[in-house]
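In what follows, a structure is listed as structure tokens, so that the remarks can point back to it.
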Amino acid sequence: MRNVYLNHDGSVDDLVSLLLLLQMKDVRLTGVGVMGADSYLEPAVSASRKVIDRFGHGAVLNVAASDSRGVHPFPKEWRMEAFSLDAFPILNESGTVKTPIASKPAHLDMIDKIQAADGPTTLVMTGPLTDLARALDVDPSITDKIERLYWMGGTFDGRGNVAEPEQDGTVEWNAYWDPQAVKTVWDSPIAIQMVGLESTRQVPLTPAVRQHWATLRQHPALDFLGQGYALVPPLEHFETNSTYFLWDVLNIVASQSPEIVTTKEVTSAVLTTGPGQGRTYEIADGRPLTLVTKVDHDAFFQRIDDLAMLAD
């Protein structure tokens, strides 16, 4: 049984990731922190609490709200999805919310949960790294109790997904939100496995995937997946602003099912200034990390189905 702390930023992929983690029998989810990055904070926290209530099999958890702020906010249009997710009937059927909000902000809650855990904690992050960077500033000793960080963010192929003024097209959004936080984590001794954009492009959200989940909507969690991903644009829209890949879910599945991915060791650095700020790039004498390079597409989607059906 692995201790896992999840820090996410409240979009569709993040809440699906939380749902799937709650189904993993070899995972002891010790805490959940939520950032208002690719979401607005209040509905993202509320929806997270409701997902735990509905799909958590009675898990006793609380949800910590982050007070971190980004350097480069996500587009407002993307962040609005959290309001729709929080209003889903499947999450509101009971009429009450039982999972409480933690008493401390997410970066301090992260410290408390890591230090209190019996044994090391696997840290899984599907949004910006700001809460971890702030936690390291407050208590650097948590590195001794973090087994590994699994992060969805960055890219090493120079093909970013940020189309904003004063940037050069090489940057991934989670890194761009707070470039200095990435640098702070890179400067720490924490072992890192990174899911960058290059591997997530192997698991796009296609019409066939949507239809597959539609045929399985008798399973409540798969109905939630289908409804959630119905909020995001179809694949035929232009890639940078619209194409949806299963970014965060790939990170979650790869963190617990390493057999579905291929990885390689790279040494890297982070750019924190200029039009490429937030860019992760390979450099000979850089910081070592494990990079996911390939995905077993069919095994990945089968793993999602299998986990989701455990929520029945």
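Remember, this note's numbering sits 836 above the position in the sequence shown when you count from 1.
By construction, the Cβ of each residue, glycine as well, lies at the ideal position given by its N, Cα and C atoms.
These numbers were taken from a predicted model, which means no experiment stands behind them.
Residue interval of the beta strand (DSSP E) (run including residue i)
| i | result |
| --- | --- |
| Arg970 | Careful: Arg970 lies outside any beta strand (DSSP E), inside the alpha helix (DSSP H) at 966 to 974. |
| Asn839 | 838 to 844 |
| Leu782 | It is not possible to answer for residue 782, since the shown part of the chain is limited to 837 through 1148. |
| Gln1029 | 1028 to 1031 |
C-alpha gap between residue i and residue j, whole angstroms
| i | j | result |
| --- | --- | --- |
| Leu965 | Asp1014 | 7 Å |
| Asp849 | Phe891 | 16 Å |
| Ala1147 | Ala1120 | 45 Å |
| Glu913 | Leu921 | 14 Å |
| Ala1144 | Met860 | 10 Å |
| Val998 | Ile926 | 33 Å |
| Val946 | Leu968 | The amino acid occupying residue 946 in the given sequence is Met; Val does not appear at that position. Answer to the nearest angstrom: the Cα atoms are 8 Å apart. |
| Thr1076 | Met837 | Here the model assigns Thr1076 a pLDDT of 49, short of 50, so the residue's position is not dependable, and the following value carries that caveat. Each residue's alpha carbon lies about 38 Å from the other. |
| Gly931 | Asp1142 | 28 Å |
| Pro1124 | Ser1104 | 6 Å |
| Leu972 | Gly1032 | 23 Å |
| Leu944 | Ala1017 | 16 Å |
| Phe1074 | Pro1043 | Reliability of the predicted coordinates at Phe1074 is poor, the pLDDT of 48 falling under 50, and the value obtained from them is presented with this limitation in mind. Taking the straight line from one Cα to the other gives about 15 Å. |
| Asp1059 | Ala1050 | 7 Å |
| Gly996 | Thr1006 | 4 Å |
| Val1039 | Pro976 | 35 Å |
Span of the alpha helix (DSSP H), counted from its first residue to its last, around residue i
| i | result |
| --- | --- |
| Gln1003 | It is not in any alpha helix (DSSP H) - Gln1003 carries neither H nor E in the DSSP assignment. |
| Ile888 | 877 to 891 |
| Met871 | Careful: Met871 lies outside any alpha helix (DSSP H) and carries neither H nor E. |
| Met946 | 942 to 952 |
| Tyr1012 | 1009 to 1013 |
Rounded distance between the beta-carbons of residue j and residue i, thought under 8 Å
| i | j | result |
| --- | --- | --- |
| Val840 | Thr957 | 7 Å |
| Gln1029 | Val933 | Contact doesn't hold; Cβ gap of about 33 Å is too wide. |
| Ala942 | Ala901 | 6 Å |
| Val1102 | Phe992 | 7 Å |
| Ala883 | Ala918 | 6 Å |
| Ser875 | Asp845 | 6 Å |
Legend entry - Three CB pairs or more closer than 8 Å across the region 1022 to 1034 and the region 880 to 896: Counting C-beta pairs with one atom in each stretch, the region 1022 to 1034 and the region 880 to 896 have fewer than three that are closer than 8 Å, which means they do not touch.
Legend entry - Cβ contact (3+ pairs, closer than 8 Å) linking the region 975 to 987 and the region 847 to 866: Too few Cβ pairs lie closer than 8 Å, so no.
Inset, instruction - Kindly provide the ranges of any beta strand (DSSP E) runs that are 3 or more residues long and lie completely inside the region 1101 to 1140, ordered along the chain. - result: Counting whole runs of 3 or more residues, the region 1101 to 1140 contains the beta strand (DSSP E) stretches 1116 to 1118, 1123 to 1131.
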